[in-house]
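Take 1 as the starting number for the sequence shown in the UniProt record's numbering and just add one per residue. Even for Gly, the Cβ is constructed at its ideal location relative to N, Cα and C.
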Amino acid sequence: MTLATPPPITHRTAEENLGLGYLASALRENGQSVQIVDGWLNGLSSHDLASEILKNPPKTFLGFSCYRSNMERTMEVANLVRQSGLDVPLVVGGYGPTFESEEFLKAGFDIVVRGEAEETILDLFSYFTKGTPALPQIQGISYMDNGEVRHNPTRPLKLNIDEISFPSRETMDITIKRRSAVHIASARGCQAHCVFCSIVAFQKLSEGPQWRQRSIKNFVDELDILNKQGSKYFKVIDDSFIEPPRDKAWCTSLADEIQGRGLNIRLRSSIRADRVTDGVIRELKRAGFFAFSCGIENASDSALKRMGKSANSEQNKQALEIFKKYGIYVQAGHILFDHGTTMQELEENYDFMRKYVWTISKGTFTEMYAADGTPFTKLLANKKLLKEDDKGLGNNTYEVQDSEARKVYKAMKLWHKSHIRTYDMTIDAISAPKALEPAELELFHPLCIELREKDLDFMREALDLVEEGLTEAQVVEYTQAKIDSSKTWYVDFEKKVLGAYEKTGLVYDADENPFIN
């Protein structure tokens, strides 16, 4: 059989798809032959991916791993292989299909897997080859039955994830060649309750704890194997690396285990601001961590409350000071705008971003994404503020309600769109992160700061213009004139970024950012 994924429409450069590796490993442990075709890592268009699949056509079923950002491409590839005459069941799973199962069934997929799939895929293989268990008995799937959509009960989450086989790694060589970090997971889920988060919504669909962890030994065993195979740089793709019962003592044990095995590795993961303590970060740095993604999201307590964030603004500041103390790179997640943003909140965020300009940011302009299935989207719908995606793919929109804040929103969005590719290219080396040595990372960090300071200069101007009483049309006109007069600066700046890419051998081959439209 074949497991495939099309490239997502994203401003990020290609990374491993660990989900495909886990599914392939589960099938192979049960004696099945599996081919993985990763369209993202291999830079394949939809037509190229379909052609690659058809070179060795699957005989049992064709499975797709699908994010939200490659849903349309997944449907396109499925249609292409169907048109070629491939007559095997089409199965799809992942975040996108889990929340948009009916759209995928209407598009011609035979089975949608909702939630985690290592056990479900074995049941499906048995069904397709032996006829048992019958489809109504397979948990966690949706399918068409005589023209009607059937949603079977969800499959409970697997409690002991040490029992899950290590993922297959046939795409690791491509990952290393691209100077990308190798993916690994030490836990699944998150205990937070952020209203905008698809991760929490995904985990809550199934019965079981929202967060489950591997043992230190099991996790480091896999790190050890991969390190011996040539991997040094790892992206620990946990949604939340530190959750109870993990604490400083656990971090000490992890560092001791890694150092005791003599592993020469560098690690990056994601951590909540309210889980950051001096002792935790000190021990994780000793374990080899050099960077974290941290969902700061906002500097205003009123905005953080709307977002359902566990940390307050003071905890956010304390976390960043600890990161700075230990020389940790921080991709500080930031959501500047949502439906309730006020001018006071924007001023608080401006001051905060000026103070912590050294953090890595995806852009001064950011807005909360209204993904299907999240509490935020349900809230907007209840308030009659949601503009639903007419394609049915969950790309919903809304407006900032405060008229003054909305002027700043429109100005900053127009400004950011004018140089968004430069911004995404500049931060990718650290935010991805790429497999770079410390001296190489330092080529990019000052550039990230310089670019952010330029954005903040404009943000100050936009705030001042609105506070002076200019109309929306006047603010937009000023913004466009500022964009035109800044073109030379961005051309010169991009030359410096390309110079850093040339020195490090990196290639930026991502799409335009799909979240700014």
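Beta-carbon separation (whole angstroms), residue i vs residue j, contact threshold 8 Å
{"i": "A439", "j": "Y398", "result": "With a Cβ gap of about 44 Å, A439 and Y398 do not count as contacting."}
{"i": "D511", "j": "H193", "result": "That pair is no contact at about 31 Å."}
{"i": "F64", "j": "T5", "result": "6 Å"}
{"i": "V357", "j": "I449", "result": "6 Å"}
{"i": "I121", "j": "L23", "result": "5 Å"}
{"i": "Q401", "j": "G340", "result": "6 Å"}
{"i": "K387", "j": "N396", "result": "6 Å"}
{"i": "R73", "j": "S46", "result": "5 Å"}
{"i": "L205", "j": "R114", "result": "6 Å"}
{"i": "S313", "j": "D301", "result": "5 Å"}
{"i": "C66", "j": "G94", "result": "4 Å"}
{"i": "T504", "j": "L436", "result": "6 Å"}
Own chain, CB closer than 8 Å to residue i, minus 5 neighbours either side, in chain order
{"i": "Q229", "result": "R169 and M172"}
{"i": "A134", "result": "Y127"}
{"i": "N264", "result": "N227 and K232"}
{"i": "Q480", "result": "L414"}
{"i": "V195", "result": "R306, M307, G308, T374, P375, F376 and L379"}
{"i": "Q35", "result": "M1, T2, L3, N56 and P58"}
{"i": "R82", "result": "L90 and G108"}
{"i": "D278", "result": "I322 and K325"}
Sub-9 Å separation of residue i and residue j beta-carbons
{"i": "E207", "j": "K158", "result": "no"}
{"i": "V276", "j": "Q315", "result": "yes"}
{"i": "R68", "j": "S198", "result": "yes"}
{"i": "F458", "j": "M412", "result": "yes"}
{"i": "M353", "j": "T342", "result": "no"}
{"i": "Y423", "j": "K362", "result": "yes"}
{"i": "K434", "j": "A181", "result": "yes"}
{"i": "M307", "j": "D338", "result": "yes"}
{"i": "A429", "j": "L498", "result": "no"}
{"i": "R155", "j": "Q137", "result": "no"}
{"i": "V330", "j": "A291", "result": "yes"}
{"i": "T366", "j": "L336", "result": "yes"}
{"i": "I420", "j": "I360", "result": "no"}
{"i": "R272", "j": "F289", "result": "no"}
{"i": "I328", "j": "K355", "result": "no"}
{"i": "S142", "j": "E102", "result": "yes"}
{"i": "L20", "j": "P245", "result": "no"}
{"i": "S486", "j": "K454", "result": "yes"}
{"i": "G262", "j": "C294", "result": "no"}
{"i": "V149", "j": "L105", "result": "yes"}
Host beta strand (DSSP E) of residue i (start-end)
{"i": "L157", "result": "No beta strand (DSSP E) holds L157; DSSP gives it neither H nor E."}
{"i": "S165", "result": "Segment: none, S165 is in no beta strand (DSSP E) and carries neither H nor E."}
{"i": "C294", "result": "F289 to E297"}
{"i": "R179", "result": "Looking at the DSSP string, R179 is not in any beta strand (DSSP E), and its letter there is neither H nor E."}
{"i": "G151", "result": "As written in the sequence, residue 151 is His, which differs from the Gly given in the question. That run of the beta strand (DSSP E) goes E148 to H151."}
{"i": "Y143", "result": "I141 to D145"}
{"i": "D239", "result": "Unbroken run through D239: none, as it is neither H nor E."}
Range covered by the alpha helix (DSSP H) that runs through residue i
{"i": "L135", "result": "Run containing L135: none; DSSP gives neither H nor E here."}
{"i": "C251", "result": "K248 to G260"}
{"i": "Y369", "result": "Here Y369 belongs to no alpha helix (DSSP H), and DSSP marks it neither H nor E."}
{"i": "W489", "result": "K487 to T504"}
{"i": "Y329", "result": "No alpha helix (DSSP H) holds Y329; the beta strand (DSSP E) holding it covers Y329 to H334."}
{"i": "F376", "result": "P375 to N382"}
{"i": "W415", "result": "S403 to S418"}
{"i": "D511", "result": "It is not in any alpha helix (DSSP H) - D511 carries neither H nor E in the DSSP assignment."}
{"i": "L41", "result": "Counting along the chain, L41 falls outside any alpha helix (DSSP H), and DSSP gives it neither H nor E."}
{"i": "L90", "result": "First-last for L90: L90 to G93, but that is the beta strand (DSSP E), not the alpha helix (DSSP H)."}
{"i": "V200", "result": "S198 to K204"}
Cβ neighbours of residue i in the same chain (closer than 7 Å, five flanking residues each side left out)
{"i": "G373", "result": "F99, S198 and A201"}
{"i": "L465", "result": "V475 and Y478"}
{"i": "D239", "result": "G189, C190, I199 and S270"}
{"i": "A500", "result": "L443, F444 and L447"}
{"i": "Y508", "result": "T13, M425, D428 and Y501"}
{"i": "V37", "result": "T2, A4, L49, E52 and I53"}
Close Cβ partners of residue i (< 6 Å) along its chain, the five nearest in sequence each way excluded
{"i": "M75", "result": "A107"}
{"i": "L90", "result": "L62, A78, F109 and D110"}
{"i": "P7", "result": "G39 and W40"}
{"i": "E15", "result": "S180"}
{"i": "D162", "result": "R214, S215 and N218"}
{"i": "A237", "result": "This sequence places Ile at residue 237; Ala is not what is there. Excluding residues within five positions, the ones whose Cβ falls inside 6 Å are H183 and A185."}
{"i": "E243", "result": "Q191 and W211"}
{"i": "E348", "result": "A299 and S300"}
heavy atom of the ligand FMN below 8 Å from residue i C-beta
{"i": "I121", "result": "Only the bare structure without any ligand can be found here, which leaves the ligand FMN out of the picture."}
Contact between the segment 168-181 and the segment 119-127 (3+ Cβ pairs under 8 Å): no
Three CB pairs or more closer than 8 Å across the segment 1-9 and the segment 52-72: yes
Count the CB pairs spanning the segment 427-445 and the segment 380-388 that are closer than 8 Å, and state whether there are at least three. Output reads no: the segment 380-388 does not touch the segment 427-445.
Indicate whether the contact test is met: 3 or more Cβ pairs, each with one atom in the segment 189-204 and one in the segment 220-228, closer than 8 Å. Output reads no: the segment 220-228 does not touch the segment 189-204.
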